[in-house]
Structure formats: C-alpha cells, structure tokens
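Working notes, beginning with the structure itself.
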Amino acid sequence: MTDYATPLDGRIALVTGASRGIGAATAFALGRAGAHVVLTARTAGGLEEVEERIHAAGGSATIAPLDLIDGDSIGRLAAAVGERWGRLDIMVLNAAMLGSLTPVPAIDAKEFSRVMTLNVTAQQALIAAFDSLLRKSGNGQLIGLTSSVAGAPRPFWGAYEASKAAFEALLAAYGEEQRNLGKLRVALIDPGATRTKMREHAFPGEDPATVKAPDVVAERIVALAQAGFEPGHRERIG
Numbered sequence: 677m678t679d680y681a682t683p684l685d686g687r688i689a690l691v692t693g694a695s696r697g698i699g700a701a702t703a704f705a706l707g708r709a710g711a712h713v714v715l716t717a718r719t720a721g722g723l724e725e726v727e728e729r730i731h732a733a734g735g736s737a738t739i740a741p742l743d744l745i746d747g748d749s750i751g752r753l754a755a756a757v758g759e760r761w762g763r764l765d766i767m768v769l770n771a772a773m774l775g776s777l778t779p780v781p782a783i784d785a786k787e788f789s790r791v792m793t794l795n796v797t798a799q800q801a802l803i804a805a806f807d808s809l810l811r812k813s814g815n816g817q818l819i820g821l822t823s824s825v826a827g828a829p830r831p832f833w834g835a836y837e838a839s840k841a842a843f844e845a846l847l848a849a850y851g852e853e854q855r856n857l858g859k860l861r862v863a864l865i866d867p868g869a870t871r872t873k874m875r876e877h878a879f880p881g882e883d884p885a886t887v888k889a890p891d892v893v894a895e896r897i898v899a900l901a902q903a904g905f906e907p908g909h910r911e912r913i914g
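Residues 677 to 914 (this note's numbering) make up the sequence shown, in order.
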C-alpha cells in the first residue's frame, strides 16, 4: 500500500451492505486506509468485486456473504471474527432496505415486517453479537448510517421513516450505555443525497449527476474513524 497513507493500519473493520453504494465505497476506503475489512452483504459476487478492488489498492479484506435477517448467521460471523482476531475495532452499520413508498394505511404488513426486521431487529442483533468484540478493541467505534427522514416526516415514507427512527433510538441508547464504561463510541451519520440504488428507486426522475458520489460519504467515515469522535456524535454530510 505504498501509494496511500495507512492511518488505520492493523485495525479490524466490519461493513454491512458492502456489495454496492455507500457500503462498498466505505469498505474500499477503509481497506485503502490500512484496515482489514470484513465485507458482508447478501450478494457474493458484489462482495468479491469490492474485495478485489481493495486487494488491488494494496489492502486486505475478507468476504462474508450472509442475509442479516438470519440471526443465526450474525452469531456465526461474530464467532468467526472473535476466533480469528479477538476484537472488532470499527463496525459500520450501513445495510438497510427502503421498502415501498406508499401511504401508511396501504403499507403491506409482510413488507413492513421485513423492513423493520432488517433496519432495526438485525441491527440490534449485530450490536448484541459484536458488543464484546467492540469493547475488547479498547477504542471501538460503531458508525450507523441513518436518514433525515427519521426526524422529518415525509408523506409516503412512513415504513422507512419508522425503521430509521427506531434505528437512531437504538444506537443512541447503546451509545449512552457505553459513555462511561470505556472508550467505545457510537456515531450516527446521515449521508444526505447520495448516488445509490436506493436513491434511484426513491427518486426515479432525478439526474444522478446532481447528487454526490458514495465516495464522498466513505471518505468522511474514514476520517472520523481515524480522528475519533465524542460520544453521541451525529452529522449530516453535504
């Protein structure tokens, strides 16, 4: 990795939803900065592409294809990380699903359950599974990707809004629980308008060139991981 500074050399990072968009960009940026990155997503092919990019940049990564809705898979991944490295220094909770944009009375119950399971229940399962490994880091960092709709109601976004509001509450509570226990810190990052598949689905008529690339968000996450942050840190990018 002679072409880049490696401020995160030796650190172990886990990124969810790492096969595309902000997750893929963040995983690549962390790997380029020296961290060994564990990449998770449902799509093995996408993870392999990101892994190859990290290796080509001189970094190192491990892919772990899994469906976060499967709680047992999360437990097995945590056990594998613990056995191999004994700790986790950085965890980026990026994976989420938008669901259908529809009036609240028309929300499909099965889809709503899936949105809440992935965006909330699975996130709690990840925190529970990796809590001890993050605390063993001595300087663990948990960074969760949220959305402005969590605090600013928008018509037809009710299902996703509800899930992100719950996600924020969950991470904020965990952060407060850790505030005086050690050096584990929790941050919430609102990436703002970013060129992703989710954004394309939500705003099909938007010109992608008018919003920032995922790399912008990724570089900010790496900068935060490098510099550290105070408990309860929250920011919107752009």
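Don't be surprised by glycine CBs; every beta carbon is placed ideally from N, CA and C.
Taking a cut-off of 8 Å on C-beta distances, the region 707-726 touches the region 742-761, as three or more cross pairs fall below it. Within the DSSP secondary-structure output, residue 768 pairs in a beta bridge with 691 and 819. Burial of residue 890 is indicated by the presence of at least 16 other C-beta atoms within 10 angstroms of its C-beta. The residue from 887, 684, 836 and 816 with its alpha-carbon nearest to that of residue 735 is 684. In the structure shown, residue 741 falls within a strand segment according to DSSP collapsed to helix, strand and coil. Only exposed fits residue 751, as fewer than 16 other CB atoms lie within 10 angstroms of its CB. Only residues of its own chain outside the window of five on either side were considered, and among them 715, 737 and 739 have a CB closer than 7 Å to the CB of residue 727, listed in chain order. Judged by DSSP secondary structure, residue 863 falls outside any alpha helix (DSSP H) and instead within the beta strand (DSSP E) spanning 861-866.
With 16 or more neighbouring CB atoms inside 10 Å of its own CB, residue 813 falls in the buried class. With a contact defined as Cβ atoms closer than 8 Å, residue 835 and residue 783 qualify at about 5 Å. Here residue 708 is buried: its Cβ has 16 or more other Cβ atoms, across all protein chains shown, within 10 Å. Bridge pairing for residue 911: 865 [DSSP]. C-alpha of residue 797 to C-alpha of residue 822: approximately 15 Å in a straight line. Per DSSP, the unbroken alpha helix (DSSP H) holding residue 757 starts and ends at 747-761.
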